[in-house]
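Using this note's numbering, you'd call the opening residue of the sequence shown number -17 and step up by one each time. The beta-carbon is built from N, C-alpha and C at its ideal position, and this holds for glycine as well.
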Amino acid sequence: SFYYVMELLEGLDIDRLVRRFGPLPAARVVYLLRQICHSLSEAESHGLVHRDIKPANIFLCRYGEEFDFVKVLDFGIVKATQDAPGGGAPHQTAEQVLNGTPAFMAPEQALGVRVDGRADIYATGCVAYWLLTGHLVFDAPTPMGYLIHHGSTAPTPPSKRSELPIPAGLDALVLACLAKDPAQ
-17 SFYYVMELLE GLDIDRLVRR FGPLPAARVV YLLRQICHSL SEAESHGLVH
33 RDIKPANIFL CRYGEEFDFV KVLDFGIVKA TQDAPGGGAP HQTAEQVLNG
83 TPAFMAPEQA LGVRVDGRAD IYATGCVAYW LLTGHLVFDA PTPMGYLIHH
133 GSTAPTPPSK RSELPIPAGL DALVLACLAK DPAQ
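Shown next as structure tokens:
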């Protein structure tokens, strides 16, 4: 019989955390973002792009005496960015298929352009925005509406949409992560 064995996690994802308790203080957001970035850096060091970073895929649990221990979940649509070990080509996603969550999708990913770790940086910027403000970067009535906004609309700085103070440097960092051009 085919089956999966997965770690039992006790805690909650950051989507539910923010919905239940509201936006988080900047210092806690930075603490969480560092852990998310460490996880994504490790994946990228193995030539992998997550492609579905979103609040529901970031889980907070307790690890020994440490609270707010981050687990990045759901590598179900992970993509190899380089040739696979052994000389074979990486698995290619079917054409004309949108993979990911539109409210957190990098412009290049929405366009179907080959993505690298910068797409995960963009999505992490969207997650940071959610943590700081309790709002999505853009509001849209349809998945296509989100994709259009991500491709062409400049985001409002998180500090303009939050009741909590956000340091200027963190505000600028989140906006840098949300640059439309991956080279930026």
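Between the Cα of residue i and the Cα atoms of the options, which residue gives the shortest distance?
i: V119; options: R96, H32, D153; result: D153
i: V0; options: R16, K36, D102; result: K36
i: G151; options: P5, D163, V12, F41; result: V12
i: H117; options: A92, S141, D163; result: S141
i: D56; options: I130, W112, I40; result: I40
i: V97; options: L14, D34, L15; result: D34
i: D(-5); options: L129, Y(-15), I18, P7; result: I18
Output the distance between the C-alpha atoms of residue i and residue j, rounded to the nearest integer angstrom.
i: P149; j: A9; result: 10 Å
i: N81; j: G46; result: 35 Å
i: V31; j: Q166; result: 18 Å
i: A158; j: V54; result: 22 Å
i: H132; j: D50; result: 29 Å
i: G4; j: L146; result: 10 Å
i: Y128; j: D121; result: 7 Å
i: A110; j: L15; result: 7 Å
i: P164; j: S134; result: 13 Å
i: F(-16); j: S144; result: 47 Å
Spatial neighbours of residue i within its chain, please: C-beta separation below 7 Å, excluding the five flanking residues on both sides.
i: P125; result: P84
i: Y104; result: A88, C159, L160
Would you mind stating whether residue i and residue j have Cβ atoms separated by less than 8 Å?
i: C43; j: G(-7); result: yes
Below 8 Å on the Cβ atoms is my contact criterion, and I expect residue i with residue j to pass it. Report the Cβ-Cβ distance as a whole number of Å.
i: P137; j: L160; result: 5 Å
i: D(-3); j: A38; result: 4 Å
i: V156; j: G99; result: Between G99 and V156 the Cβ distance is about 17 Å, and since that is not below 8 Å, they are no contact.
i: L205; j: L113; result: As shown, the chain starts at -17 and ends at 166. That puts residue 205 outside it, with no answer to give.
Using C-beta distances below 6 Å, list every residue in its chain close to residue i, excluding the 5 sequence neighbours before and after it, in chain order.
i: M(-12); result: none
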